[in-house]
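Chemist: The numbers in the sequence shown follow the working numbering, run straight up by one, and end at 278.
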Amino acid sequence: MSETGKPKGHDAPITLTTLARMKQAGERIACLTAYDAAFAGVLEAAGVEVLLVGDSLGMVVQGHDSTLPVGVDDMVYHAAAVARGSRRALRVVDLPFLSYATPERALTSAGRLMRAGGAHMVKLEGGREQAEVVHRLTECGVPVCGHLGLLPQSIHRLGGYRVQGREPEAARRLREDARLLEEAGAGLLVLECVPAALAREISRALTLPVIGIGAGPDCDGQVLVLYDLIGISPGRRPRFSKDFLSGESSVAAAVSAYVRAVKSGGFPGPEHTYT
Ligand code: KIV
């Protein structure tokens with residue numbers, strides 16, 4: 004039995020209610036990015052609860068040097084492929100750069116991701132400045148996942164891929180942004196590249212589940228870019244990531260090792276964590 008009281012291997016669909024119960028029970032949530040049907044099936048069979056169709060596909064699948072060139076059509080194409088390959092996992096799909104610049108634009112974009120792409124939830128980057136968009140989407144029935152910390156769509160404003168929230172003022176702002184997103188209706192939050200202590204504080208303060216990437220071991224769940232986990236991402240692998248394929252005999256075994264490590268608290272370790 005899992006801590007959520009369901010027999011292991013139970014194939015009921017994963018919903019936000021499932022994730023909320025997991026958070027309450029202290030059962031870690033395993034999330035990975037997925038961009039196609041075949042990988043979606045492998046990930047789901049290994050017990051990954053949340054498939055994130057991330058706009059990181061712009062870098063790892065399309066070969067761009069940022070996520071900015073990705074459009075809604077690209078996201079619909081990949082989300083629909085993932086939907087065809089999965090039955091059980093919760094599918095979260097990124098709203099790409101500028102596709103949610105106004106509440107009405109966000110509704111149109113999210114509508115396409117849900118209707119044509121089979122998304123269960125959409126993800127957007129930013130804090131208080133997105134509160135109105137989050138509120139409008141959720142009041143129209145669109146579940147929203149926030150994304151704080153390192154925001155890849157704002158890479159030119161941030162000036163590079165680096166840890167966020169280290170200075171007291173930046174940490175205070177991050178805490179407030181997280182609270183404002185939850186108040187606006189967000190049902191899930193990704194925290195990227197923030198010090199572990201800050202991520203722990205935010206995870207404990209919020210009711211919604213917090214999924215970390217480069218945010219230490221004390222979030223409610225973990226996510227990685229799939230291609231980092233199997234060691235095929237172009238360029239240098241980020242410090243917070245781990246190649247789970249090395250030492251394993253197949254992709255399926257590597258993904259299972261990741262799920263076990265997340266559930267047991269063995270990943271991320273101190274070497275993957277920022278202070
Ligand atoms: O696009 C993506 O893959 C993401 C993860 C890095 C969280 O947003």
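No residue lacks a Cβ here, since even glycine has one placed at the ideal position from N, Cα and C. Note that the structure is predicted; figures quoted are calculated from it, not measured.
In this structure, does DSSP put K245 in helix, strand or coil?
Modeler: coil
Chemist: According to DSSP, is H81 part of a helix, a strand, or is it coil?
Modeler: helix
Chemist: Look at the alpha carbon of A33 and the alpha carbon of E172, and state the distance between them as a whole number of angstroms.
Modeler: 31 angstroms
Chemist: For D68, does the count of other Cβ atoms within 10 angstroms reach 16, so buried, or fall short, so exposed?
Modeler: The C-beta of D68 has fewer than 16 other C-beta atoms within 10 Å across all chains shown, which makes the residue exposed.
Chemist: Measuring CB atoms only, is the region 98 to 113 touching the region 137 to 154, in the sense that at least three cross pairs come out at less than 8 angstroms?
Modeler: yes
Chemist: Along the beta strand (DSSP E) that carries T36, what are the first and last residues, could you check?
Modeler: 32 to 36
Chemist: Roughly how many whole angstroms lie between the Cα atoms of A264 and V258?
Modeler: Taking the CA atoms as reference points, A264 sits about 10 angstroms from V258.
Chemist: Among residues of its own chain, excluding the 5 on either side of E130, which ones have a beta-carbon nearer than 7 angstroms to its beta-carbon?
Modeler: Residue identity check: residue 130 is Gly in the sequence provided, not Glu. Closer than 7 angstroms at the Cβ level, and outside the excluded window around G130, lie L151, D180, L183, L184.
Chemist: Using the three-state DSSP reduction, which class does E128 fall into: helix, strand or coil?
Modeler: coil
Chemist: With DSSP run on the structure shown, which of helix, strand or coil describes G224?
Modeler: G224: strand per DSSP, three-state reduction.
Chemist: In terms of residues, what are the limits of the beta strand (DSSP E) holding I205?
Modeler: It is not in any beta strand (DSSP E) - I205 instead sits in the alpha helix (DSSP H) that spans 199 to 208.
Chemist: Alpha carbon to alpha carbon, what distance is there between T141 and G250?
Modeler: The straight-line gap from Cα to Cα measures roughly 43 angstroms.
Chemist: Buried or exposed: D76, going by 16 or more other Cβ atoms within 10 Å of its Cβ?
Modeler: exposed
Chemist: In whole angstroms, what separates the C-alpha of E52 from that of K26?
Modeler: 13 angstroms
Chemist: Relative to ligand 1, what is the chain-ordered list of residues with a Cβ closer than 7 angstroms to any of its non-hydrogen atoms?
Modeler: T36, L55, G57, D58, S59, T70, D97, K126, H150, P155, V193, E195, I216, V226, V228
Chemist: Among R91, E195, L232, L161, which one has its Cα closest to the Cα of P220?
Modeler: E195
Chemist: With 16 other CB atoms within 10 Å as the buried threshold, where does S102 fall?
Modeler: buried
Chemist: On the DSSP bridge list, what partners appear for Y96?
Modeler: In the sequence as presented, Tyr is not what sits at residue 96; that position holds Val. For V96, which the question treats as bridged, DSSP gives the partners V56, V125.
Chemist: Secondary structure at I158, three-state DSSP: helix, strand or coil?
Modeler: Helix at I158.
Chemist: Using DSSP bridges, identify the partner residues of I216.
Modeler: In the DSSP assignment, I216 is bridged to E195.
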